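**Student:**
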Amino acid sequence: MDLLDGLNPAQKSAVQVTSGPLLILAGAGSGKTKTLTHRIAYLISKKSVSPDEILAVTFTNKAAKEMQSRVNDLLGVNTSIRNFMPWMGTFHSVCVKLLRIDGDKMGIPRNFVIYDEDDRTSLIKQAIKQLSFNDKEIKPKSVSHVISSSKNSMVGVEEFSAVAASPQQKKIAKIYNKYEELKKASSALDFDDLLIETVRLLRDSKETRSRWRGHFKHILIDEYQDTNSAQYNIVKLLVGEDRNICVVGDDWQSIYSWRGADFTNILNFERDFKGAHIIKLEQNYRSTSAILEAASNVIAKNKQRTDKKLWTSSATGAPVQVHELSDDLEESSLVSDRISSHVALGARKFGDFAVLYRTNAQSYTLERAFLRMRIPYQIVGGVRFYDRKEIKDIVAYLKLIYQPNDSVSFNRIVNTPTRGIGNISLEKFLTWQVNSGMNIVDALCKADSIPDINLKARQSLKKLGVMAKSLYSKQDSTPPSEIINQIIELTNYKDYINDGTPQFEERIGNLEALMSDAQNYVNLSDFLEEISLMSSVDSFKDGEQVTLMTLHASKGLEFPVVFIVGLEEGILPHARVFDSSPSELEEERRLMYVGMTRAREELHITYARSRLNFGGRVYNPASRFISDMGASGASSEDSTVELIQDFDTPEYYNIESFDVGDRIKSNIFGAGEIVDVDGLAVTVKFDNGKSKKLNTEYARLEKI
DNA sequence: TCATTTAACGTTTTT
DNA sequence: CGTTAAATGA
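Every position in the first sequence, counted from 1, becomes a number in my numbering once 32 is added.
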């Protein structure tokens with residue numbers, strides 16, 4: 033098979049220029065992934081580059097997997113031959129691999145654990161407590177944010193402390209320092225550490241640097257516009273003398289500056305790598321010209337951008353439809369009505385549709401409408417699978433088994449399920465453990481010899497330790513799924529979560545899903561790495577269901593029909609950018625652009641005059657992006673954008689009135705009886721004995 | 001001293 | 001609405 037077949041001239045040269053630095057400026061839908069996969073296959077089969085010598089960095093793990101299988105298809109190679117594989121993954125996952133191999137040179141133990149956002153905030157809380165600062169004045173979340181952004185711009189503790197001027201900043205510097213100490217004691221690295229420790233490793237260890245530089249003959253970076261300072265440094269450190277570096281990106285689609293991404297990295301590529309080839313991919317193969325034109329009109333309003341002319345040879349297609357609704361409920365009805373009628377007509381499958389929104393909270397109303405209409409859907413992101421409580425609990429056990437020093441995981445599970453260990457006993461144990469010099473698990477095993485702790489607490493601690501220790505020693509001979517099973521059995525975890533609500537079934541289901549997921553891994557290390565670095569889009573499945581996700585999560589995907597909802601000032605663009613720099617407004621506009629260019633055939637935009645936001649009703653004007661699209665009044669004459677006012681259902685939702693004594697049913701809590709009514713609030717005594725005060729406006733209660 | 005009940009608070013986007 | 005921190009009872 034000729035690897036250049038089916039490529040346009042620009043794509044062909046992007047494949048064939050195989051030596052020296054190369055910058056590919058790829059517009060939305062211009063066949064970027066195709067070009068990259070062909071390039072990799074070309075390097076392997078035509079230039080005899082060994083797959084192992086190729087490093088390809090993608091933005092998500094899913095993109096990496098997809099790229100892997102497409103390369104395999106092109107080469108006709110069996111996917112199961114694991115050694116015959118380029119290095120593919122996100123910056124984070126590649127860094128984990130490098131650090132597991134060479135991290136010991138920087139004093140990082142081979143079995144370090146990875147702390148996520150939650151782990152980090154709870155460790156910061158501990159740090160604040162230990163420094164006895166007033167945890168009311170200093171919010172752990174905001175400290176976490178400060179630490180993360182300084183790490184992303186390569187500012188370490190020392191530097192941060194040196195620069196800290198205000199009393200507030202000095203406090204944060206102390207917390208930062210303490211946090212680093214505690215994290216080190218737990219043998220853990222947070223997300224940002226994965227990057228900056230790799231930079232340190234490559235910068236400080238000459239031997240390591242030259243070894244990896246020699247190893248990677250070709251480096252490819254996708255979504256280069258979204259690299260941050262640390263990632264940029266890694267790239268510069270890894271590029272060898274041949275300078276075979278190929279980066280792909282589109283500054284118009286840069287939507288992660290709040291995470292430290294800096295799209296000037298891509299604008300400066302020529303300066304960084306002198307003599308670089310530049311190839312522009314400007315033909316769009318994805319969208320109809322109506323969609324592309326509307327999207328181009330939106331992005332044209334941005335001042336800070338490179339000039340590009342994206343074009344397509346596809347037909348005009350249906351105009352972009354802009355729907356005005358009276359409120360968020362009608363917005364959801366419109367979306368679900370459209371979807372279900374198109375499917376009923378046989379024109380589309382559920383899997384053809386995506387609904388995109390600015391904030392995760394917006395999925396709520398949509399979800400309810402979909403449930404009502406029996407539309408199968410999947411939510412990408414939001415409350416991620418691995419963020420659920422029961423899953424995080426079990427994973428915390430796994431982490432503690434893998435890394436017996438992991439204090440955050442220990443704190444999470446020490447009394448989960450409740451085993452009679454309170455705060456006081458815990459404090460006493462921890463001070464004893466620190467003094468003993470033992471790791472947490474070893475100390476637990478000796479807990480029965482600690483004076484002045486309750487007998488009951490002492491026994492429980494020891495029992496937990498013995499369990500962790502025995503699983504620790506079995507971790508190499510026992511598959512991860514079996515370890516999970518034993519944790520659940522030994523701790524009676526199922527009894528703990530059985531609270532008699534219908535949600536119990538769902539939780540059990542989640543645990544089973546976790547176990548079956550674990551069956552794909554042979555050892556604990558791989559499994560933990562995978563779930564720590566799993567991103568929201570990684571769990572995205574193409575299938576027979578509508579996809580709901582944030583605009584951010586939609587990057588890189590495409591759908592025949594796309595709905596973008598909540599096009600209101602304050603939502604998109606988000607209210608937070610109003611009182612900050614104009615560049616943030618431009619990023620909101622790029623976000624809109626990314627969303628619009630996901631659509632292949634139909635694009636629907638909706639906005640509501642009023643919306644129920646947490647607590648009260650808000651009235652937002654239509655987003656400025658709607659007029660930016662080139663909507664010329666309410667005309668169906670315009671071939672690009674069509675404005676439609678959908679007020680077909682002027683019905684106001686009748687709030688059912690409840691009386692004391694009514695029997696009701698809640699999807700969440702099951703059946704019960706109303707014992708008190710206070711305006712919109714009702715108190716319900718549920719059949720499982722628990723009572724709850726609910727707002728009838730939100731809680732979907734049904735009379736029975 | 002622990003476990004359960006009640007009050008307060010919160011929403012931008014995420015590797 | 002959900003989660004998490006204080007407050008109360010056993």
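Built from N, CA and C at the ideal position, the CB exists for glycine as well.
Bear in mind that the values here come from a model prediction, so they are computed numbers and not experimental data.
Roughly how many whole angstroms lie between the Cα atoms of Val498 and Tyr147?
**Tutor:** Between Val498 and Tyr147, the C-alpha separation is close to 24 Å.
**Student:** Quick check for students: name the residue ranges of the alpha helix (DSSP H) that lie wholly in the region 376-449, counting only runs of 4 or more.
**Tutor:** You should have 395-404, 421-434, 439-445.
**Student:** List the residues that DSSP assigns as beta-bridge partners of Lys312.
**Tutor:** The partner list for Lys312 (beta bridge, DSSP) reads Leu57.
**Student:** Can you name the start and end residues of the beta strand (DSSP E) that Tyr256 belongs to?
**Tutor:** Element bounds for Tyr256: n/a, residue is neither H nor E.
**Student:** Check whether the Cβ atoms of Ser439 and Ala217 lie closer than 8 Å to each other.
**Tutor:** Going by C-beta atoms, Ser439 is nearer than 8 Å to Ala217.
**Student:** Would you check if there are 3 or more beta carbon pairs closer than 8 Å linking the region 133-145 to the region 397-411?
**Tutor:** No, the region 133-145 does not touch the region 397-411.
**Student:** Could you spell out where the alpha helix (DSSP H) holding Trp464 opens and where it closes?
**Tutor:** 455-468 is the span of the alpha helix (DSSP H), which, as asked, contains Trp464.
**Student:** Start and end of the alpha helix (DSSP H) containing Thr737?
**Tutor:** Missing from the structure shown is residue 737; the chain here goes from 33 to 736 and no further.
**Student:** Taking the alpha-carbon positions, what's the Asn265 to Glu149 distance?
**Tutor:** The alpha-carbon atoms of Asn265 and Glu149 are separated by roughly 23 Å.
**Student:** Under the assumption that Met547 contacts Ser509 (Cβ atoms under 8 Å), give the Cβ distance between them as a whole number of angstroms.
**Tutor:** Met547 to Ser509, Cβ: 18 Å. No contact.
**Student:** So is Ser51 buried or exposed if we call it buried at 16+ other beta carbons inside 10 Å?
**Tutor:** Exposed, because fewer than 16 other Cβ atoms sit within 10 Å of the Cβ of Ser51.
**Student:** List the residues that DSSP assigns as beta-bridge partners of Asp359.
**Tutor:** BP columns for Asp359 point to Ser642.
**Student:** Taking Arg649 as part of the beta strand (DSSP E), name the residues at either end of that continuous run.
**Tutor:** Element bounds for Arg649: 649-651.
**Student:** Tell me which same chain residues have a C-beta within less than 6 Å of the C-beta of Ala58, skipping the five on either side of it?
**Tutor:** Result list for Ala58: Lys64, Val280, Asp282, Leu313, in chain order.
**Student:** Give the DSSP-derived three-state secondary structure of Gln336 in the structure shown.
**Tutor:** Reduced to three states, the DSSP call for Gln336 is coil.
**Student:** State the beta-bridge partners of Asp222 as determined by DSSP.
**Tutor:** DSSP output for Asp222 lists Tyr147 as bridge partner(s).
**Student:** How long is the line joining the alpha carbons of Asn334 and Phe559, rounded to whole angstroms?
**Tutor:** C-alpha separation (whole angstroms): 43 Å.
**Student:** To the nearest angstrom, how far is it from the Cα of Leu35 to the Cα of Val49?
**Tutor:** Their backbone Cα atoms lie some 14 Å apart in a straight line.
**Student:** Could you give the uninterrupted runs of the alpha helix (DSSP H) lying entirely in the region 128-189, keeping only those of 4 residues or more?
**Tutor:** Counting whole runs of 4 or more residues, the region 128-189 contains the alpha helix (DSSP H) stretches 149-162, 172-184.
**Student:** DSSP three-state call for Gly665: helix, strand or coil?
**Tutor:** Caution is warranted here: a pLDDT of 43 is assigned to Gly665, below 50, making its placement in the model unreliable, and no coordinate value can be reported.
**Student:** Assuming Gly383 and Gly588 are in contact, meaning their beta carbons sit under 8 Å apart, how far apart are those beta carbons, in whole angstroms?
**Tutor:** Contact flag wrong, Cβ pair sits at about 17 Å.
**Student:** If you check the beta carbons only, do Ile277 and Pro118 fall under 8 Å apart?
**Tutor:** Cβ atoms of Ile277 and Pro118: not closer than 8 Å.
**Student:** For the region 258-273 and the region 285-298, state whether three or more C-beta atom pairs, one from each stretch, are separated by less than 8 Å.
**Tutor:** Contact between the region 258-273 and the region 285-298 is present, because at least three Cβ pairs lie under 8 Å.
**Student:** Have a look at Ile529, Asp369, Ile515, Ala386 and flag the residue whose alpha-carbon is nearest the alpha-carbon of Val427.
**Tutor:** The option with the nearest alpha carbon to Val427 is Ile515.
**Student:** Given this structure, state the Cα-to-Cα distance separating Arg444 from Pro436, to the nearest angstrom.
**Tutor:** Computed Cα separation, rounded: 14 Å.
**Student:** Are there 16 or more other CB atoms within 10 angstroms of the CB of Ile687, so buried, or fewer, so exposed?
**Tutor:** Confidence in Ile687 is poor, its pLDDT being 41 and thus under 50, which makes the residue's placement unreliable; the coordinate value appears in the next sentence. It is exposed - the Cβ of Ile687 has fewer than 16 other Cβ atoms within 10 Å.
**Student:** Determine which residues share a DSSP beta bridge with Cys477 and list them.
**Tutor:** Answer by DSSP bridge pairing: none, since Cys477 is not bridged.
**Student:** Let me make sure I understand the geometry here. Which of Tyr639, Val626, Tyr208 has the alpha-carbon closest to that of Ser319?
**Tutor:** Nearest of Tyr639, Val626, Tyr208 to Ser319, Cα basis: Val626.
**Student:** By the 10 Å Cβ neighbour count, where 16 or more other Cβ atoms means buried, how is Glu255 classified, buried or exposed?
**Tutor:** Classification for Glu255: buried.
**Student:** From Asp304 to Ser557, what does the alpha carbon distance come to, in whole angstroms?
**Tutor:** Answer to the nearest angstrom: the Cα atoms are 37 Å apart.
**Student:** Measuring only the C-alpha atoms, how far is Ser738 from Thr90?
**Tutor:** An answer regarding residue 738 cannot be provided, because it is not within the stretch 33 to 736 covered by the chain.
**Student:** Using CA coordinates, which residue listed in Arg142, Ile433, Ala96 is at the minimum distance from Met120?
**Tutor:** The shortest Cα separation from Met120 among Arg142, Ile433, Ala96 belongs to Ala96.
**Student:** Taking the alpha-carbon positions, what's the Tyr504 to Tyr434 distance?
**Tutor:** Roughly 7 Å separates the two Cα atoms.
**Student:** Who are the near neighbours of Ile520 in its chain, counting only those whose CB is closer than 8 Å to its CB and skipping five residues on each side?
**Tutor:** Cβ within range, chain order: Ile426, Lys526, Leu543.
**Student:** In angstroms, rounded to a whole number, what distance separates the CA positions of Lys44 and Thr67?
**Tutor:** Using only the alpha carbons, I get a separation of about 8 Å.
**Student:** Is it buried or exposed for Gly413, if we count other Cβ within 10 angstroms and need 16 for buried?
**Tutor:** The residue in question, Gly413, is buried, as its Cβ has 16 or more Cβ neighbours within 10 Å.
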